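K.L.:
Take the sequence shown: its letters are residues 24 to 190, numbered as in the numbering used here. Cβ coordinates follow ideal geometry from the N, Cα and C atoms, glycine included. Remember, it's a predicted structure, so these values are computed and weren't measured experimentally. Let me begin by handing over the structure; questions about it come next.
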Amino acid sequence: VYWKDKTTKADFYCYYPYNSSISDLEAYRFTVNTDQTSEDKYKACDFLWGKTEKASPTENAVGITVRHLMSNVIIKLVAGNGYKDEDMLNASVTICGLKTNTLINLTNGTVTADGGIEDICPRSENNIRRAIVVPQSIEDTDIVKVSIEEKTYILNQSVTFESGKQH
């Protein structure tokens, strides 16, 4: 990194995943995968962002603390009412009706959900399902669908998925 001169302070931005062809710093389009069943597809949905302002010229590295801009949904299936742990492992889980597109302001780290709604297939880790979702608020929505053998269960809920939080 080259400084303008020995006294002019600079602002540094960091984001991941990197994209060298950003046309609008205030409206960078990012999409989370609807299929997050593999570790790679799940991790590709994470977006990290950080900023250090007014850094004085130095020969040392400039520290930038990054944070997660997306939200994380965790669904834990618990055996009971006639179901065994094995049933939970084999259950099909879908996260329903969420926006998967976002516009990210890379200058200040704000996230705005954008576009239509889609269903997300989460990653399975034993009896836990995980998905990275775009921060957004939903009202009275059938958010989680769990199918076990020939029965389907639906969780209807209002929730605000916050940037950097697990729900």
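Just the C-alpha distance for R152 and S94, rounded to the nearest angstrom, thanks.
P.N.:
Walking along the sequence shown from the start, residue 152 turns up at place 129. Walking along the sequence shown from the start, residue 94 turns up at place 71. Using only the alpha carbons, I get a separation of about 14 Å.
K.L.:
Comparing alpha-carbon positions, which option in N42, E62 and Y25 lies nearest P80?
P.N.:
Working through the sequence shown from its first residue, we reach residue 80 at position 57. Closest option to P80, Cα to Cα, is Y25.
K.L.:
Closest to Q180 by C-alpha separation, out of I118, N131, T130 and I140, would be which residue?
P.N.:
Within the sequence shown, the letter at position 157 stands for residue 180. The option with the nearest alpha carbon to Q180 is I118.
K.L.:
Is S44 close to the ligand NAP? I mean its beta-carbon at under 7 Å from any heavy atom of the ligand.
P.N.:
The ligand NAP is absent from the structure shown, which contains no ligand whatsoever.
K.L.:
On the DSSP letters alone, give me the boundaries of the alpha helix (DSSP H) that D110 sits inside.
P.N.:
Indexing the sequence shown from 1 puts residue 110 at position 87. First-last of the alpha helix (DSSP H) with D110: D108 to N113.
K.L.:
Helix, strand or coil, according to DSSP, for Y51 in the structure here?
P.N.:
The residue given as residue 51 occupies position 28 in the sequence shown. If DSSP states are grouped into helix, strand and coil, Y51 belongs with the strands.
K.L.:
Are there 16 or more other CB atoms within 10 angstroms of the CB of T183, so buried, or fewer, so exposed?
P.N.:
Residue mapping note: residue 183 aligns to position 160 of the sequence shown, counting from 1. With fewer than 16 other Cβ atoms within 10 Å, it is exposed.
K.L.:
Quick check on the DSSP output: the beta strand (DSSP E) that includes E148 runs from which residue to which?
P.N.:
Your numbering for residue 148 matches position 125 in the sequence shown. Taken as a continuous stretch (DSSP letters only), the beta strand (DSSP E) holding E148 covers R146 to E148.
K.L.:
Suppose you measure from the CA of G86 to the CA of A33; what does that come to, to the nearest Å?
P.N.:
Here the question's residue 86 lines up with position 63 in the sequence shown. Here the question's residue 33 lines up with position 10 in the sequence shown. Taking the straight line from one Cα to the other gives about 13 Å.
K.L.:
With H, G and I counted as helix, E and B as strand and the rest as coil, what does DSSP make of Y38?
P.N.:
In the sequence shown, residue 38 corresponds to position 15, counting from 1. Note: Y38 maps to strand in three-state DSSP.
K.L.:
With a CB to CB cut of under 8 Å and the five nearest residues on each side skipped, what residues in its chain are close to T133?
P.N.:
Within the sequence shown, residue 133 is the residue found at index 110, counting from 1. Counting only Cβ-Cβ distances below 8 Å, and skipping sequence neighbours, we find I127.
K.L.:
Would you mind reading off the limits of the beta strand (DSSP E) that contains E76?
P.N.:
Stepping through the sequence shown from its first residue, residue 76 is reached at position 53. Run containing E76: L71 to A78, per the beta strand (DSSP E) assignment.
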